[in-house]
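Taking UniProt numbering, I'd label the letters of the sequence shown as residues 1 to 321.
Backbone N, C-alpha and C fix where the C-beta goes; we use that ideal spot for every residue, glycine too.
Worksheet for the structure shown next.
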Amino acid sequence: MEGKHKKVLQKCTVYLIQNLSEVEAICDHLVVDGILTQGQNNSIKTKKPAPRAHISELLSLLPRRGPNAYHSFLKALDETENTDAAEYLREHDGSKSTTVDTQVAKQQHTEQPEEKHKLQSQNKQDWPNLSKRFALVKIDDIAKCTEKEFTTKCGSREEKIYPMKNVKRGKFIMISNAECISKDTESKCDVEMKKAATYSQQCITNSDFDKSNIGQLFKCMGYDSKVGNLVNKPKEEIKEFLKKTLSEIDKDPSSQYDSLVIMFVSGKNDSDASKIYDASGDEVPTTDILEIIKACHHFEGKPKVVFIHTYNLEGIFCVQL
(Lines of atoms letter the chains of each structure in order from A and count residues from 1; the text may use other names and numbers.)
(Lines give C-alpha, C1' and ligand atoms only; values in the text may rest on other atoms or scores of the structure.)
Protein backbone atom coordinates (compact mmCIF):
# COMPACT_ATOMS: atom_id res chain seq x y z
CA MET A 1 0.00 0.00 0.00
CA GLU A 2 1.22 3.49 -0.85
CA GLY A 3 2.55 5.60 2.00
CA LYS A 4 -0.12 8.29 1.61
CA HIS A 5 -2.89 5.72 1.86
CA LYS A 6 -1.33 4.24 5.01
CA LYS A 7 -1.32 7.72 6.54
CA VAL A 8 -4.97 8.26 5.57
CA LEU A 9 -6.03 5.01 7.25
CA GLN A 10 -3.99 5.87 10.33
CA LYS A 11 -5.49 9.36 10.50
CA CYS A 12 -9.05 8.11 10.02
CA THR A 13 -8.84 5.10 12.37
CA VAL A 14 -10.99 6.61 15.13
CA TYR A 15 -13.66 7.71 12.63
CA LEU A 16 -13.77 4.25 11.00
CA ILE A 17 -14.02 2.42 14.34
CA GLN A 18 -16.95 4.62 15.33
CA ASN A 19 -18.82 4.55 12.02
CA LEU A 20 -18.18 1.33 10.07
CA SER A 21 -20.95 -1.26 9.90
CA GLU A 22 -21.21 -4.71 8.28
CA VAL A 23 -17.55 -5.44 8.96
CA GLU A 24 -17.94 -9.13 8.12
CA ALA A 25 -19.36 -8.26 4.69
CA ILE A 26 -16.44 -5.87 4.09
CA CYS A 27 -13.99 -8.67 4.93
CA ASP A 28 -15.84 -11.08 2.63
CA HIS A 29 -15.42 -8.60 -0.24
CA LEU A 30 -11.70 -8.32 0.49
CA VAL A 31 -11.37 -12.13 0.48
CA VAL A 32 -13.06 -12.31 -2.94
CA ASP A 33 -10.69 -9.61 -4.24
CA GLY A 34 -7.69 -11.59 -2.95
CA ILE A 35 -6.67 -8.93 -0.43
CA LEU A 36 -7.34 -11.04 2.67
CA THR A 37 -6.93 -14.79 3.05
CA GLN A 38 -9.74 -16.84 4.54
CA GLY A 39 -7.55 -17.50 7.56
CA GLN A 40 -7.12 -13.78 8.16
CA ASN A 41 -10.87 -13.28 7.70
CA ASN A 42 -11.63 -15.93 10.32
CA SER A 43 -9.04 -14.43 12.66
CA ILE A 44 -10.67 -11.00 12.42
CA LYS A 45 -14.07 -12.45 13.32
CA THR A 46 -12.70 -14.00 16.53
CA LYS A 47 -11.49 -10.69 17.98
CA LYS A 48 -13.46 -9.21 20.87
CA PRO A 49 -15.24 -7.00 21.56
CA ALA A 50 -17.03 -6.80 18.22
CA PRO A 51 -17.20 -4.74 16.10
CA ARG A 52 -14.47 -2.40 17.38
CA ALA A 53 -11.85 -5.14 17.63
CA HIS A 54 -12.83 -6.44 14.16
CA ILE A 55 -12.30 -3.01 12.62
CA SER A 56 -9.01 -2.43 14.45
CA GLU A 57 -7.64 -5.81 13.32
CA LEU A 58 -8.73 -5.18 9.72
CA LEU A 59 -7.09 -1.73 9.65
CA SER A 60 -3.86 -3.17 11.04
CA LEU A 61 -3.75 -5.83 8.28
CA LEU A 62 -4.64 -3.68 5.26
CA PRO A 63 -1.35 -1.71 4.95
CA ARG A 64 0.53 -5.03 4.53
CA ARG A 65 -1.80 -6.54 1.91
CA GLY A 66 -0.35 -5.09 -1.28
CA PRO A 67 -0.78 -2.05 -3.55
CA ASN A 68 -4.44 -2.76 -4.34
CA ALA A 69 -5.58 -3.10 -0.73
CA TYR A 70 -6.67 0.53 -0.26
CA HIS A 71 -8.74 0.77 -3.44
CA SER A 72 -10.29 -2.63 -2.80
CA PHE A 73 -11.21 -1.46 0.71
CA LEU A 74 -12.92 1.64 -0.73
CA LYS A 75 -14.85 -0.55 -3.18
CA ALA A 76 -15.93 -2.84 -0.32
CA LEU A 77 -17.16 0.19 1.64
CA ASP A 78 -19.21 1.40 -1.34
CA GLU A 79 -20.78 -2.05 -1.80
CA THR A 80 -21.71 -2.52 1.87
CA GLU A 81 -23.59 0.74 2.40
CA ASN A 82 -20.58 2.37 4.07
CA THR A 83 -20.54 5.08 1.40
CA ASP A 84 -20.15 7.88 3.96
CA ALA A 85 -16.97 6.26 5.26
CA ALA A 86 -15.70 5.80 1.69
CA GLU A 87 -16.32 9.47 0.92
CA TYR A 88 -14.64 10.47 4.18
CA LEU A 89 -11.49 8.60 3.15
CA ARG A 90 -11.59 10.10 -0.34
CA GLU A 91 -11.76 13.58 1.17
CA HIS A 92 -8.56 12.87 3.08
CA ASP A 93 -6.69 11.18 0.21
CA GLY A 94 -7.65 13.92 -2.28
CA SER A 95 -9.54 11.69 -4.73
CA LYS A 96 -13.10 12.80 -4.00
CA SER A 97 -13.36 14.96 -7.13
CA THR A 98 -12.28 12.20 -9.52
CA THR A 99 -15.86 11.01 -10.14
CA VAL A 100 -16.96 14.40 -11.51
CA ASP A 101 -13.72 14.78 -13.48
CA THR A 102 -14.21 11.35 -15.06
CA GLN A 103 -17.75 12.20 -16.13
CA VAL A 104 -16.59 15.48 -17.71
CA ALA A 105 -13.77 13.70 -19.54
CA LYS A 106 -16.16 11.08 -20.89
CA GLN A 107 -18.47 13.77 -22.24
CA GLN A 108 -15.59 15.60 -23.92
CA HIS A 109 -14.40 12.45 -25.73
CA THR A 110 -17.79 11.27 -26.98
CA GLU A 111 -18.11 10.53 -30.71
CA GLN A 112 -20.67 13.35 -30.98
CA PRO A 113 -19.38 16.23 -28.81
CA GLU A 114 -22.28 18.42 -29.84
CA GLU A 115 -24.63 16.09 -27.92
CA LYS A 116 -22.85 16.47 -24.59
CA HIS A 117 -25.44 18.96 -23.32
CA LYS A 118 -28.40 16.84 -24.48
CA LEU A 119 -27.96 13.76 -22.35
CA GLN A 120 -31.36 13.91 -20.71
CA SER A 121 -34.08 12.22 -22.74
CA GLN A 122 -36.56 14.46 -24.51
CA ASN A 123 -39.37 12.08 -23.53
CA LYS A 124 -38.89 10.79 -20.00
CA GLN A 125 -41.40 7.98 -20.55
CA ASP A 126 -39.12 6.35 -23.16
CA TRP A 127 -36.07 4.22 -22.45
CA PRO A 128 -32.81 6.23 -22.26
CA ASN A 129 -30.70 6.03 -25.40
CA LEU A 130 -27.86 3.73 -24.32
CA SER A 131 -26.32 3.43 -27.80
CA LYS A 132 -24.39 6.70 -27.54
CA ARG A 133 -20.87 6.16 -26.35
CA PHE A 134 -20.21 7.43 -22.80
CA ALA A 135 -23.68 8.94 -22.52
CA LEU A 136 -24.66 9.20 -18.86
CA VAL A 137 -28.05 7.91 -17.74
CA LYS A 138 -29.74 10.44 -15.49
CA ILE A 139 -31.98 9.43 -12.61
CA ASP A 140 -34.84 11.43 -14.14
CA ASP A 141 -34.61 9.28 -17.29
CA ILE A 142 -35.65 6.15 -15.40
CA ALA A 143 -39.40 5.56 -15.29
CA LYS A 144 -40.58 4.87 -11.74
CA CYS A 145 -43.66 3.11 -10.46
CA THR A 146 -45.68 5.65 -8.46
CA GLU A 147 -47.61 4.74 -5.31
CA LYS A 148 -50.88 5.22 -7.22
CA GLU A 149 -49.75 2.89 -10.03
CA PHE A 150 -48.62 0.28 -7.49
CA THR A 151 -51.96 0.45 -5.68
CA THR A 152 -53.87 0.12 -8.95
CA LYS A 153 -51.88 -2.94 -10.06
CA CYS A 154 -51.37 -4.72 -6.74
CA GLY A 155 -54.06 -3.42 -4.42
CA SER A 156 -56.68 -5.90 -5.57
CA ARG A 157 -54.29 -8.79 -4.90
CA GLU A 158 -53.15 -7.65 -1.47
CA GLU A 159 -55.08 -10.35 0.37
CA LYS A 160 -53.36 -13.04 -1.75
CA ILE A 161 -49.77 -12.06 -1.03
CA TYR A 162 -47.59 -11.97 2.08
CA PRO A 163 -47.38 -8.52 3.70
CA MET A 164 -43.83 -7.15 3.38
CA LYS A 165 -44.20 -3.63 4.75
CA ASN A 166 -41.90 -3.65 7.78
CA VAL A 167 -38.56 -1.86 7.68
CA LYS A 168 -36.90 -5.24 8.30
CA ARG A 169 -38.01 -7.40 5.39
CA GLY A 170 -36.80 -10.47 7.24
CA LYS A 171 -34.05 -12.33 9.07
CA PHE A 172 -31.17 -13.81 7.05
CA ILE A 173 -29.06 -16.60 8.58
CA MET A 174 -25.94 -18.05 6.92
CA ILE A 175 -24.48 -21.37 8.09
CA SER A 176 -21.31 -22.43 6.27
CA ASN A 177 -19.37 -25.68 6.62
CA ALA A 178 -17.63 -25.60 3.23
CA GLU A 179 -13.99 -26.00 4.24
CA CYS A 180 -13.50 -27.85 0.95
CA ILE A 181 -10.67 -29.96 2.35
CA SER A 182 -10.91 -33.74 2.16
CA LYS A 183 -10.72 -35.38 5.61
CA ASP A 184 -10.29 -38.93 4.21
CA THR A 185 -7.04 -40.55 5.26
CA GLU A 186 -6.99 -42.94 2.29
CA SER A 187 -6.33 -41.35 -1.09
CA LYS A 188 -8.77 -42.50 -3.77
CA CYS A 189 -6.31 -41.80 -6.59
CA ASP A 190 -2.63 -41.03 -6.94
CA VAL A 191 -3.04 -37.41 -7.96
CA GLU A 192 -5.43 -36.47 -5.17
CA MET A 193 -2.87 -35.38 -2.60
CA LYS A 194 -0.91 -33.39 -5.17
CA LYS A 195 -3.99 -31.51 -6.31
CA ALA A 196 -5.61 -31.11 -2.89
CA ALA A 197 -3.97 -27.84 -1.87
CA THR A 198 -4.70 -26.10 -5.18
CA TYR A 199 -8.31 -27.23 -5.45
CA SER A 200 -8.95 -26.62 -1.77
CA GLN A 201 -8.04 -22.94 -2.13
CA GLN A 202 -10.10 -22.70 -5.33
CA CYS A 203 -13.13 -24.21 -3.61
CA ILE A 204 -12.79 -21.92 -0.60
CA THR A 205 -12.62 -18.92 -2.92
CA ASN A 206 -15.73 -20.08 -4.79
CA SER A 207 -17.72 -20.66 -1.61
CA ASP A 208 -16.62 -17.28 -0.20
CA PHE A 209 -17.74 -15.64 -3.43
CA ASP A 210 -21.15 -17.36 -3.25
CA LYS A 211 -21.63 -16.47 0.41
CA SER A 212 -20.64 -12.83 -0.13
CA ASN A 213 -22.99 -12.41 -3.06
CA ILE A 214 -26.03 -14.01 -1.46
CA GLY A 215 -25.38 -12.06 1.74
CA GLN A 216 -25.21 -8.76 -0.14
CA LEU A 217 -28.34 -9.64 -2.13
CA PHE A 218 -30.50 -10.12 0.95
CA LYS A 219 -28.95 -7.14 2.70
CA CYS A 220 -29.95 -4.92 -0.23
CA MET A 221 -33.45 -6.42 -0.02
CA GLY A 222 -33.71 -5.16 3.57
CA TYR A 223 -32.90 -8.35 5.49
CA ASP A 224 -31.18 -8.28 8.87
CA SER A 225 -28.10 -10.54 9.09
CA LYS A 226 -26.66 -9.39 12.43
CA VAL A 227 -25.63 -12.31 14.66
CA GLY A 228 -26.76 -14.61 11.88
CA ASN A 229 -23.57 -16.35 10.72
CA LEU A 230 -22.04 -19.66 11.81
CA VAL A 231 -18.91 -21.24 10.31
CA ASN A 232 -17.51 -24.82 10.44
CA LYS A 233 -19.35 -26.38 13.40
CA PRO A 234 -20.61 -29.90 14.24
CA LYS A 235 -24.28 -30.64 13.66
CA GLU A 236 -25.36 -30.38 17.30
CA GLU A 237 -23.86 -26.89 17.56
CA ILE A 238 -25.57 -25.93 14.30
CA LYS A 239 -28.97 -26.97 15.66
CA GLU A 240 -28.37 -25.26 19.00
CA PHE A 241 -27.29 -22.05 17.24
CA LEU A 242 -30.46 -22.09 15.13
CA LYS A 243 -32.67 -22.79 18.15
CA LYS A 244 -31.06 -19.98 20.16
CA THR A 245 -31.26 -17.43 17.32
CA LEU A 246 -34.94 -18.12 16.60
CA SER A 247 -35.80 -18.34 20.31
CA GLU A 248 -34.31 -14.87 20.89
CA ILE A 249 -36.47 -13.51 18.07
CA ASP A 250 -39.53 -15.08 19.70
CA LYS A 251 -38.69 -13.56 23.09
CA ASP A 252 -37.96 -10.08 21.73
CA PRO A 253 -41.26 -8.10 21.67
CA SER A 254 -39.71 -5.55 19.31
CA SER A 255 -39.00 -8.13 16.57
CA GLN A 256 -40.86 -7.25 13.38
CA TYR A 257 -39.51 -9.56 10.68
CA ASP A 258 -41.71 -10.28 7.64
CA SER A 259 -39.91 -13.47 6.59
CA LEU A 260 -37.05 -15.89 7.29
CA VAL A 261 -34.25 -16.94 4.95
CA ILE A 262 -31.60 -19.52 5.92
CA MET A 263 -28.72 -20.58 3.68
CA PHE A 264 -26.63 -23.69 4.31
CA VAL A 265 -23.28 -23.95 2.49
CA SER A 266 -21.50 -27.30 2.92
CA GLY A 267 -19.58 -29.99 1.06
CA LYS A 268 -17.91 -33.38 1.26
CA ASN A 269 -16.69 -36.21 -0.95
CA ASP A 270 -19.53 -37.95 -2.78
CA SER A 271 -22.13 -35.56 -1.37
CA ASP A 272 -25.86 -35.41 -2.08
CA ALA A 273 -26.92 -32.00 -3.41
CA SER A 274 -30.15 -32.08 -1.36
CA LYS A 275 -28.44 -32.72 1.99
CA ILE A 276 -26.76 -30.53 4.59
CA TYR A 277 -23.38 -31.50 6.08
CA ASP A 278 -21.51 -30.29 9.15
CA ALA A 279 -17.79 -29.46 9.43
CA SER A 280 -16.90 -33.16 9.74
CA GLY A 281 -18.97 -34.21 6.75
CA ASP A 282 -21.76 -35.73 8.86
CA GLU A 283 -25.28 -35.19 7.58
CA VAL A 284 -27.51 -32.70 9.36
CA PRO A 285 -31.08 -34.04 8.96
CA THR A 286 -33.28 -31.53 7.17
CA THR A 287 -36.23 -32.73 9.25
CA ASP A 288 -34.46 -31.50 12.40
CA ILE A 289 -33.90 -28.08 10.80
CA LEU A 290 -37.53 -27.81 9.70
CA GLU A 291 -38.80 -28.73 13.17
CA ILE A 292 -36.64 -25.98 14.70
CA ILE A 293 -38.04 -23.46 12.22
CA LYS A 294 -41.65 -24.56 12.83
CA ALA A 295 -41.15 -24.10 16.58
CA CYS A 296 -40.52 -20.37 16.09
CA HIS A 297 -43.90 -18.64 16.54
CA HIS A 298 -42.68 -15.30 15.20
CA PHE A 299 -42.64 -16.63 11.62
CA GLU A 300 -46.01 -18.42 11.71
CA GLY A 301 -47.96 -17.53 8.57
CA LYS A 302 -44.90 -15.83 7.08
CA PRO A 303 -42.65 -16.97 4.20
CA LYS A 304 -39.75 -19.19 5.27
CA VAL A 305 -37.08 -20.17 2.73
CA VAL A 306 -34.14 -22.57 3.21
CA PHE A 307 -31.36 -22.64 0.59
CA ILE A 308 -29.10 -25.72 0.50
CA HIS A 309 -25.88 -25.16 -1.47
CA THR A 310 -23.68 -28.29 -1.41
CA TYR A 311 -20.27 -28.84 -3.03
CA ASN A 312 -19.30 -32.32 -4.23
CA LEU A 313 -15.58 -32.56 -3.48
CA GLU A 314 -15.02 -35.97 -5.05
CA GLY A 315 -15.21 -34.53 -8.54
CA ILE A 316 -12.78 -31.79 -7.55
CA PHE A 317 -10.05 -33.76 -5.85
CA CYS A 318 -9.90 -37.01 -7.83
CA VAL A 319 -8.85 -37.23 -11.47
CA GLN A 320 -9.20 -40.64 -13.12
CA LEU A 321 -6.24 -41.51 -15.39
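Bridge partners for residue i per DSSP, in chain order?
i    : result
G281 : In DSSP, G281 forms no bridge with anything.
D224 : K171
K304 : L260
L230 : I175
V265 : S176, H309
I276 : V284
Can you tell me which of the options puts its alpha carbon nearest to the alpha carbon of residue i?
i    : options               : result
K302 : R64, M221, V261, A279 : V261
V227 : L242, S43, H71        : L242
F264 : S176, T146, A76       : S176
A279 : I289, G267, S95, R65  : G267
C12  : S56, E149, K75, E22   : S56
K45  : E87, V231, F172, L246 : V231
F172 : P51, E2, S259         : S259
L59  : G39, H5, S95          : H5
Might you give, ordered along the chain, the residues of its own chain that have their beta carbon closer than 7 Å to the beta carbon of residue i, omitting 5 neighbours on each side?
i    : result
V8   : L89, H92, D93
D282 : K235
I308 : F264, S274, I276
V14  : none
G170 : Y223, Y257, D258, S259, L260, V261
D288 : K239
I292 : K239, L242, K243, L246
V284 : K235, I238, I276, Y277, D278
Closer than 6 Å by C-beta to residue i: which residues in its own chain qualify, once you throw out the five before and the five after it? Chain order, please.
i    : result
A273 : T310
V306 : I262
L217 : none
N41  : C27, V31
T80  : E22, A25, I26
L77  : A85, A86
I249 : S255, H298
E2   : none
T245 : none
Excluding sequence positions up to five away, which residues of its chain have a Cβ less than 8 Å from the Cβ of residue i?
i    : result
S212 : A25, D28, H29, V31, V32
K47  : A53, H54, S56, E57
P35  : In the sequence under discussion, the amino acid at residue 35 is Ile, which differs from the Pro named in the question. Same-chain partners within the cutoff: L62, R65, G66, N68, A69, S72, F73.
E240 : none
F209 : V32
G215 : A25, D28, F172, M174, S225
S43  : E57
P51  : L20, S21, V23
K96  : E87, R90
D252 : none
Are at least three pairs of beta-carbons, each pair with one atom in the segment 9-19 and one in the segment 216-230, less than 8 Å apart? With the cut-off at 8 Å, the segment 9-19 and the segment 216-230 do not touch.
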